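Asker: After the structure tokens below, expect a handful of questions from me.
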Amino acid sequence: MPIAIVVHGGAGLIPEERAAVAQAGCREAAELGWRVLEQGGSALDAVEVAVRALEDNPVYNAGTGATLTQDGRIELDAGIMEGRTLQVGAVAAVEGVKNPITLARRVLESPHVLLVGHGAQQFALEQGIPLCRTEELLTDYQYRRWREARRETAGQLSEEDEEEPLFYRLEVATTTFVSDEGEPPYYRLQVGATSIHLDEERHGTVGAVALDESGLLAAATSTGGIFQKYPGRVGDTPLVGCGFYADEHAAVSCTGQGEDFVRLLLARRAADFVALGASAAAAAQAAIDVLSAKATGKGGLIIVDALGQVGLAHNSPQMAYAYRCSGMEQPVCGI
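Under my numbering, residues 668 to 1002 are what the sequence shown spells out, in order.
Right, dumping it as structure tokens:
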């Protein structure tokens, strides 16, 4: 049975000077997920491991490095699903969780499907997942963007007069991440590194899809949401069938302007194209064609089908991705 994994670092406008960083992070995540599959692990474990790596990478808008809400909070969304039994778990608008995809996995293993806000936090504690301080997720880049937006909104308020949450007066960590096998390029970046997207107001979700040797398909997606989002705003990422989906035919992870993905149930739509006989590549493009025809939003998605074939498509300027399938010596990366 073939195995395969595809990851994405979000659709949007990625300038040339950030392309290498965007691809390096996706490559590392794909390799970590591949190792799980290569050792006989499940697709569910592989996508969780891959997305955790992207959440821990401060250049992506998920986990560490996520964007802030209008009132200066970091509210995270994530969802994960496996296609054999249709088990699914998701969290939305959750604060203080370093890896929301792992919390979503715990929800999948519970009687619940979706937990939000304080309830998701409480569930994390019950599951033995410690809560972190907001400043542990905060990067200098996202903090500066939030402050600039606050000043623009406030009009004549000076920087000294501007009210800000207490935790923003704490020093922002500048720890350098180092992998077990050396230093891929993005690990040399400090937590204060610039995001890979110029248009992060609408983009920045990360995700992964995988097929394991037993034929199980799985999908996972995680995000910090859009820049300056209204407190409590939730997009497509934690909504099954919208931002992610997996069944016996395909696994899909989406990225882009969430409201339009919700309206179109785009992840499920893409999987249905595969079920109707389309290849993974054709299904991905067909779903994005629907997005372009029926909505104004930009974005992209990745697919892997039950044959181990992969597909990806986007109508945004770029989408960072990496994939590896049976027979390949190393991942293919691109934007």
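Built from N, CA and C at the ideal position, the CB exists for glycine as well. Computed from a predicted model, the values in this text were never measured in an experiment.
If you check the beta carbons only, do Q754 and L775 fall under 8 Å apart?
Answerer: In the sequence shown, counting from the first residue as 1, residue 754 sits at position 87. In the sequence shown, counting from the first residue as 1, residue 775 sits at position 108. For Q754 and L775, yes; Cβs fall inside 8 Å.
Asker: Taking Cβ to Cβ, would you say M986 is nearer than 8 Å to H675?
Answerer: On the sequence shown, residue 986 is found 319 positions in, with the first residue counted as 1. On the sequence shown, residue 675 is found 8 positions in, with the first residue counted as 1. Going by C-beta atoms, M986 is nearer than 8 Å to H675.
Asker: With DSSP as the reference, identify every bridge partner of A745, one or two as the case may be.
Answerer: Residue mapping note: residue 745 aligns to position 78 of the sequence shown, counting from 1. Note: A745 sits in a beta bridge opposite V758, S889.
Asker: Does Q823 come out as helix, strand or coil in the three-state DSSP assignment?
Answerer: Position 156 of the sequence shown, counted from the first residue, corresponds to residue 823. Below a pLDDT of 50, predicted positions are generally treated as unreliable, and Q823, at 42, falls in that range; the measurement from the model is reported next regardless. Correct three-state label for Q823: coil.
Asker: Taking only runs that begin and end inside the region 773–826, name each unbroken alpha helix (DSSP H) of 4 or more residues, in chain order.
Answerer: Listed in chain order, they are 784–793, 801–804, 807–821.
Asker: Roughly how many angstroms separate the alpha carbons of L699 and Q706, rounded to a whole number?
Answerer: Translated into positions along the sequence shown, residue 699 becomes position 32. Translated into positions along the sequence shown, residue 706 becomes position 39. Distance between the alpha carbons of L699 and Q706 is about 11 Å.
Asker: Can you give me the start and stop residues for the alpha helix (DSSP H) that F940 sits inside?
Answerer: On the sequence shown, residue 940 is found 273 positions in, with the first residue counted as 1. Note, F940: alpha helix (DSSP H), 933–942.
Asker: With the cut-off set at 8 Å, would you say V999 and D972 are in Cβ contact?
Answerer: One-based indexing of the sequence shown puts residue 999 at position 332. One-based indexing of the sequence shown puts residue 972 at position 305. No, the pair does not count as a contact, with Cβ atoms beyond the cut-off.
Asker: Return the first residue and the last residue of the alpha helix (DSSP H) that V1055 is part of.
Answerer: This structure cannot speak to residue 1055, because the chain is shown only from 668 to 1002.
Asker: Taking all protein chains shown into account, decide if L792 is buried (16 or more other Cβ within 10 angstroms of its Cβ) or exposed.
Answerer: Within the sequence shown, numbered from 1, the residue matching residue 792 stands at position 125. It counts as exposed.
Asker: From V873 to N728, what distance separates their C-alpha atoms?
Answerer: Within the sequence shown, the letter at position 206 stands for residue 873. Within the sequence shown, the letter at position 61 stands for residue 728. C-alpha separation (whole angstroms): 8 Å.
Asker: Could you say which of A759, G677, A917 lies nearest to G966 if we only look at CA atoms?
Answerer: Taking the sequence shown and counting its residues from 1, the one referred to as residue 966 is at position 299. G966 has its Cα closest to that of G677, out of A759, G677, A917.
Asker: Quick one, which of T890, I672, L968 has its alpha-carbon nearest D723's?
Answerer: Stepping through the sequence shown from its first residue, residue 723 is reached at position 56. Checking every option, the nearest Cα to that of D723 belongs to T890.
Asker: Whole angstroms is fine: what's the gap from A951's alpha carbon to L968's?
Answerer: Here residue 951 refers to the residue found at position 284 when the sequence shown is read from its first residue. Here residue 968 refers to the residue found at position 301 when the sequence shown is read from its first residue. In a straight line, the C-alpha of A951 is about 7 Å away from that of L968.
Asker: Considering only residues of the region 955–996, which uninterrupted beta strand (DSSP E) runs meet the minimum length of 3 residues and lie entirely inside it, listed in chain order?
Answerer: Complete beta strand (DSSP E) runs here, min 3: 966–972, 977–981, 985–992.
Asker: Going by Cα to Cα distance, which pick from I747, S983, T734, R935 is closest to D807?
Answerer: The count along the sequence shown starts at 1 and reaches residue 807 at position 140. Taking only the C-alpha atoms, the option nearest D807 is T734.
Asker: Taking L704 as the reference, give the member of G908, I741, S993 with the closest Cα.
Answerer: Reading the sequence shown from its first residue, position 37 is the one you call residue 704. Measuring from the Cα of L704, the nearest candidate turns out to be S993.
Asker: Note down the Cα distance separating R811 from V714, rounded to an integer number of angstroms.
Answerer: Numbered from its first residue, the sequence shown carries residue 811 at position 144. Numbered from its first residue, the sequence shown carries residue 714 at position 47. If you take the alpha carbons of R811 and V714, they lie about 32 Å apart.
Asker: State the Cα-Cα distance for the pair Y853 and L782, rounded to the nearest angstrom.
Answerer: Start at 1 with the first residue of the sequence shown, and residue 853 comes out as number 186. Start at 1 with the first residue of the sequence shown, and residue 782 comes out as number 115. Only weak support exists for where Y853 lies, its pLDDT of 30 falling under 50; the coordinates are left without a value.
Asker: Is the distance from the Cβ of G747 to the Cβ of R772 below 8 Å?
Answerer: As a position in the sequence shown, residue 747 is number 80, starting the count at 1. As a position in the sequence shown, residue 772 is number 105, starting the count at 1. Before going on, a small fix: residue 747 reads as Ile here, not Gly. Against a cut-off of 8 Å, the Cβ pair of R772 and I747 comes out as a contact.
Asker: Is DSSP giving L906 helix, strand or coil here?
Answerer: In the sequence shown, the residue the question calls residue 906 occupies position 239. The answer is coil: DSSP assigns L906 none of H, G, I, E or B.
Asker: Are the CB atoms of I741 and W701 within a distance shorter than 8 Å?
Answerer: The residue labelled residue 701 in the question sits at position 34 within the sequence shown. The residue labelled residue 741 in the question sits at position 74 within the sequence shown. Not closer than 8 Å, so no.
Asker: Any idea what DSSP makes of L884, helix, strand or coil?
Answerer: Numbered from 1 along the sequence shown, position 217 holds the residue referred to as residue 884. Three-state DSSP puts L884 in a strand.
Asker: Is it buried or exposed, T752, if we count other Cβ atoms within 10 angstroms and call 16 or more buried?
Answerer: The residue given as residue 752 occupies position 85 in the sequence shown. Flag for T752 reads exposed.
Asker: On the DSSP letters alone, give me the boundaries of the beta strand (DSSP E) that L878 sits inside.
Answerer: Indexing the sequence shown from 1 puts residue 878 at position 211. 873–878 is the span of the beta strand (DSSP E), which, as asked, contains L878.
Asker: Straight-line CA distance for H864 to G871?
Answerer: In the sequence shown, residue 864 corresponds to position 197, counting from 1. In the sequence shown, residue 871 corresponds to position 204, counting from 1. Model confidence at H864 stands at a pLDDT of 49, short of 50, so the residue's coordinates are unreliable and nothing is read from them.
Asker: Over the uninterrupted beta strand (DSSP E) stretch that includes G923, give me the two end residues.
Answerer: If you number the sequence shown from 1, residue 923 lands on position 256. Looking at the DSSP string, the run of the beta strand (DSSP E) that includes G923 is 917–923.
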